[in-house]
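Written below as structure tokens is the structure these notes are about.
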Amino acid sequence: ESSLRITVPSEGDPSGFFSGGAFVAPGARDLSGYDALTFWAKASMVAPLGLVGFGNDNSGSSLYPASRSDITLTTAWQKFVVPIPDAGRLAAEKGMFQYSVGAFEKAGFYVWFDEVQFEKLGTVAQPRAVITSDVVSGEVGETISVGVTGVIYNVGGADVTVNAAPAYFTFVSSDESVARVGADGTITGVSVGSAEITVRLGSVEVADRITVNVLTPAPRPTTPAPAPTADPADVISMFSNAYTNVPIDTWDTNWLFSTAELQDIQVAGDDVKKYTELNFVGIEFATQTIDASDMTHFHLDIWTPNPTAAPAVFKVLLIDFGPNGVFDGGDDSQHELTFTSPLLA
21 ESSLRITVPS
31 EGDPSGFFSG
41 GAFVAPGARD
51 LSGYDALTFW
61 AKASMVAPLG
71 LVGFGNDNSG
81 SSLYPASRSD
91 ITLTTAWQKF
101 VVPIPDAGRL
111 AAEKGMFQYS
121 VGAFEKAGFY
131 VWFDEVQFEK
141 LGTVAQPRAV
151 ITSDVVSGEV
161 GETISVGVTG
171 VIYNVGGADV
181 TVNAAPAYFT
191 FVSSDESVAR
201 VGADGTITGV
211 SVGSAEITVR
221 LGSVEVADRI
231 TVNVLTPAPR
241 PTTPAPAPTA
251 DPADVISMFS
261 NAYTNVPIDT
271 WDTNWLFSTA
281 ELQDIQVAGD
291 DVKKYTELNF
301 VGIEFATQTI
311 DASDMTHFHL
321 DIWTPNPTAA
331 PAVFKVLLID
341 FGPNGVFDGG
351 DDSQHELTFT
361 SPLLA
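Position in the sequence shown (first residue = 1) + 20 = the working numbering.
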């Protein structure tokens, strides 16, 4: 009997140390009668399966991706279930299956998939939304994220967490004159005040109400940062419209005690990361680390409306996980830079 075998390269392999793909149907499929994607899988060693799911139609603008990122494979076959957050949304879906998996502890390995199919299990129940906070803030005129990132289901007596795109959910505002919900589910601050957002999957409420506080707009830059002029061959770009950027896992790790809130905005057509309530924030690229050994400078353009006179400072801490690639693994190195006025302006 045949199965699908995936080769995950080792770290340092010329092809990289990552394997991933999206299986796309040539025509749209009606998945509304199912409640889960199921599959069997095993590996040549015990290792995490980074991400597996469906809804990625490889268009770059998929509306309904859903996935699991909590699966550990063993050398024995196991059956896994990825619940569909709201099957009614998938009446015309092309994204049948997706996966991504990287080298584990620098080692490559094999992964086998079999019996990949959509099923009506009848054992997927008790949906509960995963939310980052029950109170969120944003400014008048801004798109406000309510921080709903997925759904927890009871599947045959065990909890399973699914990462789910916002388009699966229906958001209802208690006061559209303060926070308005668009046809695509985006929430826009209309006027200063507070509103409550109800979160639904289909007709079922899946979370306590989320309070949205809409604030007076803070000052913001009217012109973008100067365009960089360095030769692309001499640059490793993490975030820039001028260069090709390397993959970044997250621009906001949501570490404990961090109050930072992140929003992607544009300033005169230039993409900008906007942080509010910033005390500290983590930016991670552990999946695909950066080799900066040939670089001489770290370049970052910032703009702030807040006072920058002493004792105010802006700090940048760079951490290298060392040869073992593990944080706090005994071989880490780090360096922190501190900027103050008048350089910080």
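Heads up, the beta-carbon is just placed ideally off N, CA and C, and yes, glycines get one too.
(1) Please name the residue or residues paired with Ser278 in a DSSP beta bridge.
(2) Please state the DSSP three-state secondary structure of Asp290.
(3) Can you list the beta strand (DSSP E) stretches of 3 or more residues lying completely in the stretch 153-184, in chain order?
(4) Report yes or no: do the stretch 33-42 and the stretch 54-63 share at least 3 C-beta pairs separated by less than 8 Å?
(5) Could you tell me the alpha carbon to alpha carbon distance between Gly47 and Val66, rounded to whole angstroms?
(6) Does DSSP put Ala245 in a helix, a strand or coil?
(7) Under 8 Å Cβ to Cβ from Gln286, same chain only, skipping five residues before and after it: list those, please.
(8) Whose C-beta lies closer than 6 Å to the C-beta of Ala111 among residues of the same chain, with five residues either side of it excluded?
(9) Please report how far the alpha carbon of Val336 lies from the alpha carbon of Ala306, in whole angstroms.
(10) Report the option in Trp275, Pro325, Asp340 whose CA atom is closest to the CA atom of Gly302.
(11) Given 6 Å as the limit, tell me if Ala48 has its C-beta closer than that to any heavy atom belonging to the ligand FAD.
(12) For a minimum of 3 consecutive residues, which ranges assigned as the beta strand (DSSP E) are wholly contained in the stretch 45-110?
(13) Can you check DSSP and say which residues form a bridge with Ala149?
(14) Between Thr163, Ala127, Ala185, which lies nearest to Val171 when the distance is taken from Cα to Cα?
(15) Taking Phe129 as the reference, which of Ser79, Leu69, Asn76 has the closest Cα?
(16) Would you tell me roughly how many angstroms separate the C-alpha atoms of Ala247 and Glu139, rounded to the nearest one?
(17) Between the alpha carbons of Gly73 and Pro105, how many angstroms are there, rounded?
(18) Three-state secondary structure (DSSP) at Tyr119?
(19) What are the boundary residues of the beta strand (DSSP E) that includes Leu337?
(20) Drop a sphere of 10 angstroms on the beta-carbon of Asn299, count the other beta-carbons inside from all chains shown, and report buried for 16 or more, exposed for fewer.
(21) Judging by CA-CA distance, which residue of Trp132, Ala330, Ser214, Asp228 is the nearest neighbour of Ser64?
(22) Are the beta-carbon atoms of Val175 and Thr143 separated by less than 7 Å?
In short:
(1) Paired residue(s): none; Ser278 is not in a bridge.
(2) Look at Asp290 here: in three-state DSSP terms it is strand.
(3) Secondary structure within the stretch 153-184: the beta strand (DSSP E) runs of 3 or more consecutive residues, fully enclosed, are 155-159, 168-175, 178-184 (chain order).
(4) Because the criterion of three Cβ pairs below 8 Å is not met, the stretch 33-42 and the stretch 54-63 do not touch.
(5) Gly47 and Val66: Cα-Cα distance of roughly 36 Å.
(6) Ala245 falls in the coil class under three-state DSSP.
(7) Val292, listed in sequence order.
(8) Cβ neighbours of Ala111 beyond the five flanking positions: Asp50, Ser52.
(9) Rounded to whole angstroms, the separation of the alpha carbons of Ala306 and Val336 is 18 Å.
(10) Checking every option, the nearest Cα to that of Gly302 belongs to Trp275.
(11) Questions concerning the ligand FAD fall outside what the structure shown contains, since it holds no ligand whatsoever.
(12) For the stretch 45-110, whole beta strand (DSSP E) runs of length 3 or above, ordered along the chain, are 56-63, 67-69, 71-74, 86-88, 91-93, 98-103.
(13) Answer is Val171.
(14) If you compare the alpha carbons of Thr163, Ala127, Ala185 with that of Val171, the shortest gap goes to Ala185.
(15) The candidate whose alpha carbon is nearest that of Phe129 is Leu69.
(16) Counting only the Cα atoms, Glu139 lies some 51 Å from Ala247.
(17) Each residue's Cα considered, the two are about 12 Å apart.
(18) Here Tyr119 sits in strand by DSSP.
(19) For Leu337, the enclosing beta strand (DSSP E) starts and ends at 334-340.
(20) With fewer than 16 other Cβ atoms within 10 Å, it is exposed.
(21) Residue nearest to Ser64 within the set Trp132, Ala330, Ser214, Asp228 is Trp132 (criterion: CA-CA distance).
(22) Yes, Cβ-Cβ distance for Val175 and Thr143 is below 7 Å.
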